[in-house]
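*Asks:*
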Amino acid sequence: MSTRRAAIVAALAGFAVLAIELAAVRLFAPSFGDSAFVWTNVIGVLLVALAAGAWLGGRLAARGDAARRARAVLVTAAVLVGLVPFCAPWLGRLLVPADLALEQAGGVLVWGSLAATLVAFAAPVALAGAVTPLLVGGLARSAVDAGRASGLVGAWGTLGSLAGTFLTTHLLVPELGSRTTIWLAASALAMAGLLARPSATAALAAVLLAGVGFAPQAALRSAGADEELIAEVESSYQFLQVVRRPAVDGEPPSVVLRINEGLDSFHSIRFDGTPWTGGRYYDWFVPLPLLLDGDEARGRPRVLSLGAAAGTFERLFRAAFPGCVTRSVEIDPAVTSLARTHFGAFDDGRVDAGVDARVFVELDRGTWDLILVDCYERQVYVPAHVASREFFAAVGERLQVGGIVAVNCGGVRFDDPVVTAIAGTMAAVFGEASAFRVPRSRNLLLAARKGGALDPTRIAARPGDDPRMVETCAVESDPRRWRRYGPADEPLVDDRPLLDSLHDASLAARGGGGERSTIAGTTLEEEAATAAFDAVQHGDFEAALAAVAGSRRETAYLRLVAGDARWALHDVRGADAEYATALDLSPSDGDLRLLQGRRREVGVAIDALDRASATATRNGWYSALAAAIAAALVSAAARRIDRGA
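Printed below as a string of structure tokens:
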């Protein structure tokens, strides 16, 4: 084999391996998302496979006839890679239950993505990894200095990898999709095999694999029952689907934008005939301008939305505050395009697409009355660079005196580690921050005011406001639904991005451990029951549990209220323990019916948790089995080589 031909083979193989690595995460995103754990699994499996391939290729190179052997491993790898897009949806359905909730999905997705990567890519990438020692060995046998041969193959392989990196991220996946990218990578492997040693088989494989990538393709993920898939896009950042949902549970038909694994979550929503979102977290940002000073700011606020929610915030604020000025920042241009086409948003162009929120804040010279921060990556993670002290200091420079910054933060408890860290960081900049727990959700609204503390009682509906605004203001103006935070001793800073680990701790705590309240106080049980019920009515579930614990004697009703409070805090096992104890305390007929119904409902949630845990364990065993099979195959191949087969 000539040095020129070896260089091209190395470049094509390098291109294919990096294209596979980057496209693999995107191919699996509809099933497993694209979290740091998924990336780690893909990169880790491919690195181990490349190491095994290099070891195996060294043994093959020692047997001679490097060109023929290189062609064989490359064409075989190409065929195996070409099969992956066909089996990826099946792997997703096998490893991820259809009814899995996003907050239960951690272990399922981590182990599932590892198993899927091992099954799909370990073998072909190991074969591709065998090419480098084969090329070096073949050149060395043809009187090329070993050092020069190694440098030549390494350099051209790296250049090919560089091309694969940039082309995959910036062109192939967003323009052609992850499946076509995988097929093109497979075709590149087959072409490399053809160059290593021409054959009709290699030529046919290269042509077929390239051709199949441009054939009509079905959706990467099917829409749910009774849903209509409207659009599907693989952008440079994420996998996106727009679906049309029929009227359900008293809500009108809607259009929903989902990202990556989706599960029971979505990016944004638009209901027919109303700008409101049925009490979801978007709605609760709308009354915040009523906390501003001055009739102009309260009536026509200037609102900057960092994270556009496909135009949801724009639609809400313009409906509630006619004449207000809105501007949105969205890092993914594909979201903006889908928002214009399917959500009726941004017709006037007041959106900055393709811009990171932190960059916009640092460069913007405008001033705003209200700045919304609704930035997420990998579904549930707040990016560290838009939650640091430095970020909020820059936000403060963009706010008018008396202006407000509000953050959508995932969490269910006021003492959630993510909530306390971000709220404490905001307070370190603004002096104080407050949190409002969004009813019936897993979101908290964090807010801080430039130049003074927030006073929720100032939120009051205005004459002429529509009924939904009136209802929202009535709930959000209740000071007992808010919690104040002082400056954190160690606020989040750019130099130490700790949020990912805090998010993991927060998610791990969901579901609870089944503890029930220890009742050993001095308060009369009737007084404790009144206080606990009142706290639940005001959404202060922590206070409700404290009131129950302060009772001098337990009663069925106190345990019922404690169960409701724990369930609202997503401690479903604790809720079940409270309800079970209440049933043993001779409840009244009315409480008995309530408790029996509650236990049935919470039992469904516990079953879902148990299924998620069992699925995570099963996926872990699948991963171990796939790794063992791959190791056995490599070992068997090495033994055959050593015997001269």
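Under our numbering, the sequence shown has 960 at position 88, and the numbering climbs by one with no breaks.
All C-beta atoms, glycine included, are put in the ideal place defined by N, C-alpha and C.
1. Check for me: the beta strand (DSSP E) holding residue 1355 runs from which residue to which?
2. With DSSP collapsed to three states, give me the class of residue 1507.
3. Hey, residue 1038 and residue 901 are a contact pair by Cβ (cut 8 Å); roughly how many whole angstroms apart?
4. Figure out for me which residue from 1192, 1001, 1049 has the closest Cα to the Cα of residue 1338.
5. Cutting at 8 Å between CB atoms, please list the residues of its own chain near residue 1350, excluding the five before and the five after it.
6. Measure the alpha-carbon distance for residue 1523 versus residue 929 and round it to whole angstroms.
7. For residue 1202, does the three-state DSSP call read helix, strand or coil?
8. Around the C-beta of residue 1281, are 16 or more other C-beta atoms found within 10 angstroms, so that it is buried, or is it exposed?
9. Could you tell me whether the Cβ atoms of residue 1294 and residue 1364 are closer together than 8 Å?
10. Look up residue 1089 in the DSSP assignment and say whether it is helix, strand or coil.
11. If you measure between the beta carbons of residue 1423 and residue 1430, is that distance less than 8 Å?
12. My output table needs one value for residue 1143: the three-state DSSP class, helix, strand or coil.
13. Residue 1476 CB to nearest chain C CB: under 8 Å?
14. Within 10 Å of its beta-carbon, does residue 1517 have 16 or more other beta-carbons around it, so buried, or fewer, so exposed?
15. What does DSSP give as the partner residues of residue 1235 in its beta bridges?
16. Which residue marks the beginning of the alpha helix (DSSP H) containing residue 984, and which one marks its end?
17. Use the C-beta contact count for residue 1135: other C-beta atoms within 10 angstroms, 16 or more gives buried, fewer gives exposed.
18. DSSP three-state call for residue 1099: helix, strand or coil?
19. For the alpha helix (DSSP H) containing residue 1331, list its first residue and its last residue.
20. Relative to the C-alpha of residue 885, which residue among 997, 1262, 1222, 913 is closest?
21. Kindly list the residues whose CB is nearer than 6 Å to the CB of residue 986, restricted to its own chain and excluding five residues on each side of it in sequence; keep chain order.
22. Beta carbon of residue 1184, beta carbon of residue 1149: below 8 Å?
23. Rounded to a whole number of angstroms, what is the C-alpha to C-alpha distance between residue 1083 and residue 1215?
24. Let me know the secondary structure DSSP gives residue 970 once reduced to three states.
25. At the level of alpha carbons, what is the spacing between residue 1141 and residue 1114?
26. Please determine, among 1287, 1326, 1312, 1467, the residue with the shortest C-alpha to C-alpha distance to residue 1306.
27. How should residue 1231 be labelled, buried or exposed, when 16 other C-beta atoms within 10 angstroms of its C-beta is the threshold for buried?
28. For a quick check, are the C-beta atoms of residue 1068 and residue 943 less than 8 Å apart?
29. To which residues of the same chain is residue 1012 closer than 7 Å at the C-beta, ignoring the five residues directly before and after it?
30. When DSSP labels each residue in this structure, what does residue 1153 get in the three-state scheme?
31. Could you check where the beta strand (DSSP E) with residue 1243 kicks off and where it finishes?
32. Where does residue 1315 sit, in a helix, a strand or coil, going by DSSP?
33. State the start and end residues of the unbroken beta strand (DSSP E) segment that holds residue 1345.
34. Going by the beta-carbon positions, is the gap between residue 1491 and residue 1028 smaller than 8 Å?
35. If I follow the unbroken alpha helix (DSSP H) through residue 1436, where does it start and stop?
36. Compare the C-alpha of residue 1000 against each of 947, 980, 991 and name the closest.
*Replies:* Let me spell this out:
1. Position 483 of the sequence shown holds residue 1355. Its beta strand (DSSP E) spans residues 1354–1357.
2. The residue you call residue 1507 lines up with position 635 of the sequence shown. It is helical.
3. Numbered from its first residue, the sequence shown carries residue 1038 at position 166. Numbered from its first residue, the sequence shown carries residue 901 at position 29. With 8 Å as the limit, residue 1038 and residue 901 do not qualify as a contact, their Cβ atoms being about 20 Å apart.
4. Position 466 of the sequence shown, counted from the first residue, corresponds to residue 1338. Closest option to residue 1338, Cα to Cα, is 1192.
5. Residue mapping note: residue 1350 aligns to position 478 of the sequence shown, counting from 1. Here the set comprises 1328, 1410, 1411.
6. An answer regarding residue 1523 cannot be provided, because it is not within the stretch 873 to 1517 covered by the chain.
7. Locating residue 1202 in the sequence shown gives position 330, counting from the first residue. Residue 1202 falls in the strand class under three-state DSSP.
8. Here residue 1281 refers to the residue found at position 409 when the sequence shown is read from its first residue. With 16 or more Cβ atoms within 10 Å of its Cβ, residue 1281 is classed as buried.
9. The residue given as residue 1294 occupies position 422 in the sequence shown. The residue given as residue 1364 occupies position 492 in the sequence shown. It is a contact, given that the beta carbons lie within the stated cut-off.
10. As a working note, residue 1089 is residue 217 in the sequence shown. Residue 1089: coil per DSSP, three-state reduction.
11. Residue numbering aside, residue 1423 sits at position 551 when the sequence shown is read from its first letter. Residue numbering aside, residue 1430 sits at position 558 when the sequence shown is read from its first letter. Against a cut-off of 8 Å, the Cβ pair of residue 1430 and residue 1423 comes out as a contact.
12. Taking the first residue of the sequence shown as position 1, residue 1143 is located at position 271. Strand, per DSSP.
13. Reference to chain C is not applicable here, since this structure consists of a single protein chain.
14. Residue mapping note: residue 1517 aligns to position 645 of the sequence shown, counting from 1. In this predicted model, residue 1517 has a pLDDT of only 47, less than 50, meaning its place in the structure is not dependable enough to derive any value.
15. Here residue 1235 refers to the residue found at position 363 of the sequence shown. According to DSSP, residue 1235 bridges with nothing at all.
16. Stepping through the sequence shown from its first residue, residue 984 is reached at position 112. Residues 978–1001.
17. For the purposes of this step, residue 1135 is taken as the residue at position 263 of the sequence shown. Label assigned to residue 1135: buried.
18. Position 227 of the sequence shown, counted from the start, is the residue given in the question as residue 1099. Three-state result, residue 1099: coil.
19. Within the sequence shown, the letter at position 459 stands for residue 1331. Note, residue 1331: premise wrong, no alpha helix (DSSP H); not H, not E.
20. Along the sequence shown, one-based indexing puts residue 885 at 13. Comparing Cα-Cα distances from residue 885 to each of 997, 1262, 1222, 913, the minimum goes to 997.
21. The residue you call residue 986 lines up with position 114 of the sequence shown. The answer, listed in chain order, is 913, 1495.
22. Position 312 of the sequence shown holds residue 1184. Position 277 of the sequence shown holds residue 1149. Against a cut-off of 8 Å, the Cβ pair of residue 1149 and residue 1184 comes out as a contact.
23. In the sequence shown, counting from the first residue as 1, residue 1083 sits at position 211. In the sequence shown, counting from the first residue as 1, residue 1215 sits at position 343. One C-alpha to the other measures close to 35 Å.
24. Sequence index remark: in the sequence shown, residue 970 carries index 98 (1-based). Residue 970: coil per DSSP, three-state reduction.
25. For the purposes of this step, residue 1141 is identified with residue 269 of the sequence shown, where counting begins at 1. For the purposes of this step, residue 1114 is identified with residue 242 of the sequence shown, where counting begins at 1. Roughly 10 Å between the two C-alpha positions.
26. Indexing the sequence shown from 1 puts residue 1306 at position 434. Measuring from the Cα of residue 1306, the nearest candidate turns out to be 1326.
27. Within the sequence shown, residue 1231 is the residue found at index 359, counting from 1. Burial call: exposed.
28. Taking the first residue of the sequence shown as 1, we reach residue 1068 at position 196. Taking the first residue of the sequence shown as 1, we reach residue 943 at position 71. Yes; because the gap between Cβ atoms is below 8 Å, this pair is in contact.
29. Numbered from its first residue, the sequence shown carries residue 1012 at position 140. Excluding residues within five positions, the ones whose Cβ falls inside 7 Å are 1018, 1021.
30. Translated into the one-based positions of the sequence shown, residue 1153 becomes position 281. Correct three-state label for residue 1153: helix.
31. On the sequence shown, residue 1243 is found 371 positions in, with the first residue counted as 1. First-last of the beta strand (DSSP E) with residue 1243: 1240–1245.
32. Within the sequence shown, numbered from 1, the residue matching residue 1315 stands at position 443. Strand, per DSSP.
33. As a working mapping, residue 1345 is identified with position 473 in the sequence shown. Taken as a continuous stretch (DSSP letters only), residue 1345 belongs to no beta strand (DSSP E), being part of the alpha helix (DSSP H) at 1339–1348.
34. What you label residue 1491 is simply residue 619 of the sequence shown in a count that begins at 1. What you label residue 1028 is simply residue 156 of the sequence shown in a count that begins at 1. Cβ distance not < 8 Å, so residue 1491 and residue 1028 don't count as in contact.
35. Within the sequence shown, numbered from 1, the residue matching residue 1436 stands at position 564. Taken as a continuous stretch (DSSP letters only), the alpha helix (DSSP H) holding residue 1436 covers 1428–1440.
36. On the sequence shown, residue 1000 is found 128 positions in, with the first residue counted as 1. With distances taken between Cα atoms, residue 1000 lies closest to 947.
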